[in-house]
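Numbering-wise, numbering that gives the first Met the number 0 puts 248 at position 249 of the sequence shown, and it's gapless, one number per residue. Notes for the one structure printed next.
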Amino acid sequence: MAQLSNDCFAFGDEMMNTEDALSELQKRLTCVCETEVVLLHSATGRILAEDVISNCAVPSYDNAAVDGYAVYFDDLSQSEDTSLPIKGRITAGHPLQQKAKPGSAYRIFTGAKMPAGPDTVLMQEDCTVEGEIVTILQGIDRGANRRLAGEDIKIGSTILTRGKRLRPQEIGLAASIGRESLLVYRQLRVALFSTGDEVLDVGDELKPGKIYDSNRYSIAALLGQLGCIVHDLGILPDKNDIIRKALKVAADEHDVIITSAGVSMGEEDYIRRAVDKLGCLYFWRLAIRPGRPIALGQILKTPFIGLPGNPVASMVTFMRFARPALLLLNGAADTQPNFFQVPAAFTYKKKKGRREWLRAILFISSDGALEAKMFPQGGAGVLSSMVASDGLIELAEELTAIEAGTLVKFLPFNEVC
Ligand code: AMP
Ligand code: MG
0 MAQLSNDCFA
10 FGDEMMNTED
20 ALSELQKRLT
30 CVCETEVVLL
40 HSATGRILAE
50 DVISNCAVPS
60 YDNAAVDGYA
70 VYFDDLSQSE
80 DTSLPIKGRI
90 TAGHPLQQKA
100 KPGSAYRIFT
110 GAKMPAGPDT
120 VLMQEDCTVE
130 GEIVTILQGI
140 DRGANRRLAG
150 EDIKIGSTIL
160 TRGKRLRPQE
170 IGLAASIGRE
180 SLLVYRQLRV
190 ALFSTGDEVL
200 DVGDELKPGK
210 IYDSNRYSIA
220 ALLGQLGCIV
230 HDLGILPDKN
240 DIIRKALKVA
250 ADEHDVIITS
260 AGVSMGEEDY
270 IRRAVDKLGC
280 LYFWRLAIRP
290 GRPIALGQIL
300 KTPFIGLPGN
310 PVASMVTFMR
320 FARPALLLLN
330 GAADTQPNFF
340 QVPAAFTYKK
350 KKGRREWLRA
360 ILFISSDGAL
370 EAKMFPQGGA
380 GVLSSMVASD
390 GLIELAEELT
400 AIEAGTLVKF
410 LPFNEVC
């Protein structure tokens, strides 16, 4: 297993901006997982550990793109309709057995192999048939409705590259060249804890001063979507010795440890002290909102990510920082989501120098344009804002105000969860 250096997260105590933080992750984190071979049905969401080179062309033969008639283009009149005798029938999977001859048409169906000779296919809608004679409307182009061998994939071409996260279309493409299985990186095993004396597990009776643990469920779901194997290790109380013991055991058995809460600089922030004792801990004082410091470090040799406690902050920082880190640890080449420019349908003032994420709802305005409105309650604890929204608007450090109509960067949730 690849090892990260102990100081892979050491990045000073200065306030950091988001771009610097992401590019440091990209530079410092490498894949920690071995590889394994999985059948295609089990490969969705996994990260490819090989370049896939095709040993066949797709399609492997010229074939008809429509149901109709295969003809020699040179037999067709350019000034009037052409009538030709139908000399054979070619269905998908059953190539023509005899040799095709000029001056003839062949009934052919979508996907059926083009016989040698005919180079053009007429859609049946553009033909009339009487007995064994087909009459073809003039005006078709040479080579129409014929799919060429190799037009999708050429023999010897690299169709998928190492580090690619496999979506349904990559699985299909691998199948199209006959691959049964793919070499992928083993799934990351992630230990997940919540922390805090106020946090109760779902199913327990709610008591004064207590809250239900939502972070462990939202973060576990995010990890699951990323293809990680999640070990839910419950809620740690604010007690040094219990936290230390639990983290040490978890470090032995996992590739990554993730916690939420307990990582700010307050005296009640126990995770910080425990990780400091067991390994090394670096605070990333990111100039962001929502999100207090994110803690990164190592417990023994295992990477540790301490997310903020507030439910929105823990999800947003997961999406923007933990997610790329986990993808890099799992061998992914492309770890950044796609953003889209959308006009704002609101005004907003912000502090210069920090990056902010607003929860946003997309809608079609009266003139038919896609626009984004802001969820009114912006608090880092208002988890219903995430439910009501379609994604996040990411506001750059230098911005100080958004006017109606300003183009903003919109990150759809389905890019990151
Ligand atoms: P902390 O980071 O410990 O200061 O916590 C920040 C806020 O997040 C506090 O209001 C906590 O009660 C809340 N919080 C901490 N852990 C969780 C959790 N697992 N689920 C929901 N809220 C939490
Ligand atoms: Mg706390």
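C-beta: ideal position from N, C-alpha, C; glycine also. Values in this document were obtained by computation on a predicted structure and should not be read as measured data.
Using a threshold of 9 Å, state whether the C-beta atoms of residue i and residue j are closer than that.
i	j	result
Ala-20	Trp-283	yes
Val-189	Asp-251	no
Tyr-269	Phe-10	no
Ala-148	Phe-108	no
Leu-235	Gly-265	no
Pro-310	Gly-290	no
Leu-361	Gly-390	yes
Ala-69	Ala-104	yes
Cys-416	Ala-286	no
Leu-47	Val-183	yes
Lys-247	Gln-2	no
Glu-33	Arg-185	yes
Ile-256	Ser-156	no
Arg-358	Ala-387	yes
Met-122	Val-57	no
Leu-328	Leu-181	no
Asn-16	Glu-396	yes
Ile-135	Leu-75	yes
Ser-193	Thr-258	yes
Asp-80	Gln-137	yes
Gly-305	Arg-271	yes
Phe-8	Leu-295	yes
Mind reading off the beta-carbon distance from residue i to residue j? Whole number of angstroms is fine, and I expect it under 8 Å.
i	j	result
Arg-243	Leu-277	6 Å
Ile-89	Pro-114	7 Å
Thr-119	Arg-146	With 8 Å as the limit, Thr-119 and Arg-146 do not qualify as a contact, their Cβ atoms being about 12 Å apart.
Gly-195	Asp-237	6 Å
Asp-212	Leu-199	6 Å
Ile-158	Leu-172	6 Å
Tyr-60	Gly-116	Not really, about 14 Å apart at Cβ, beyond 8 Å.
Gly-223	Cys-126	In fact, because the Cβ distance is near 53 Å, the residues do not count as touching under 8 Å.
Asn-214	Ser-313	5 Å
Leu-382	Lys-349	No, Leu-382 and Lys-349 are not in contact; Cβ-Cβ is about 22 Å, not under 8 Å.
Gly-162	Ala-331	6 Å
Pick out whichever of the options has its Cα sitting closest to the Cα of residue i.
i	options	result
Glu-402	Phe-412, Met-373, Arg-353 and Asn-413	Met-373
Phe-303	Leu-205, Thr-127, Asp-275 and Pro-289	Asp-275
Lys-86	Lys-349, Leu-24, Asp-240 and Gln-97	Gln-97
Ala-420	Ala-286, Val-381, Gln-297 and Val-386	This structure does not reach residue 420, given that the chain is present from 0 up to 416, and the question cannot be answered.
Thr-334	Thr-346, Tyr-347 and Phe-320	Phe-320
Gly-226	Asp-200, Ser-175 and Leu-165	Leu-165
Met-385	Gly-116, Gly-367 and Met-318	Met-318
Leu-39	Thr-127, Asp-74, Ile-170 and Ile-52	Ile-170
Ser-364	Val-381, Arg-358, Ala-343 and Arg-354	Ala-343
Phe-339	Leu-83, Arg-353, Asp-231 and Lys-408	Lys-408
Glu-179	Val-36, Lys-100 and Ala-379	Val-36
Val-31	Ala-324, Ser-156 and Ile-139	Ala-324
Ala-371	Ile-158, Ala-379, Pro-411 and Pro-336	Pro-411
Ile-210	Leu-295, Gly-380 and Ile-218	Gly-380
Val-341	Ile-392, Asn-54 and Gly-305	Ile-392
Tyr-216	Asp-80, Asp-125 and Val-229	Val-229
Asp-6	Cys-279, Leu-172 and Gly-102	Cys-279
Glu-13	Met-314, Pro-292 and Gly-223	Pro-292
Leu-83	Gly-102, Lys-26 and His-93	Gly-102
Gly-92	Ala-312, Ile-218 and Lys-112	Lys-112
Arg-45	Thr-160, Pro-207 and Gly-177	Thr-160
Have a look at the DSSP bridge pairing and note the partners of residue i.
i	result
Pro-342	Leu-406
Arg-145	Ala-63
His-40	In DSSP, His-40 forms no bridge with anything.
Glu-393	Trp-356 and Lys-408
Ser-82	Thr-134
Met-318	In the DSSP output, where bridge partners are listed per residue, Met-318 has none listed.
Asp-231	Leu-191
Tyr-105	Ala-69
Tyr-347	Ile-401
Glu-129	Ile-132
Leu-361	Ala-371
Cys-279	Gln-297
Thr-157	Ile-52
Lys-26	Lys-26 pairs with nothing; no bridge assigned.
Lining residues of the ligand MG - beta-carbon closer than 6 Å to any non-hydrogen atom, in sequence order: Gly-195, Ala-260, Gly-261, Glu-267 and Gly-308
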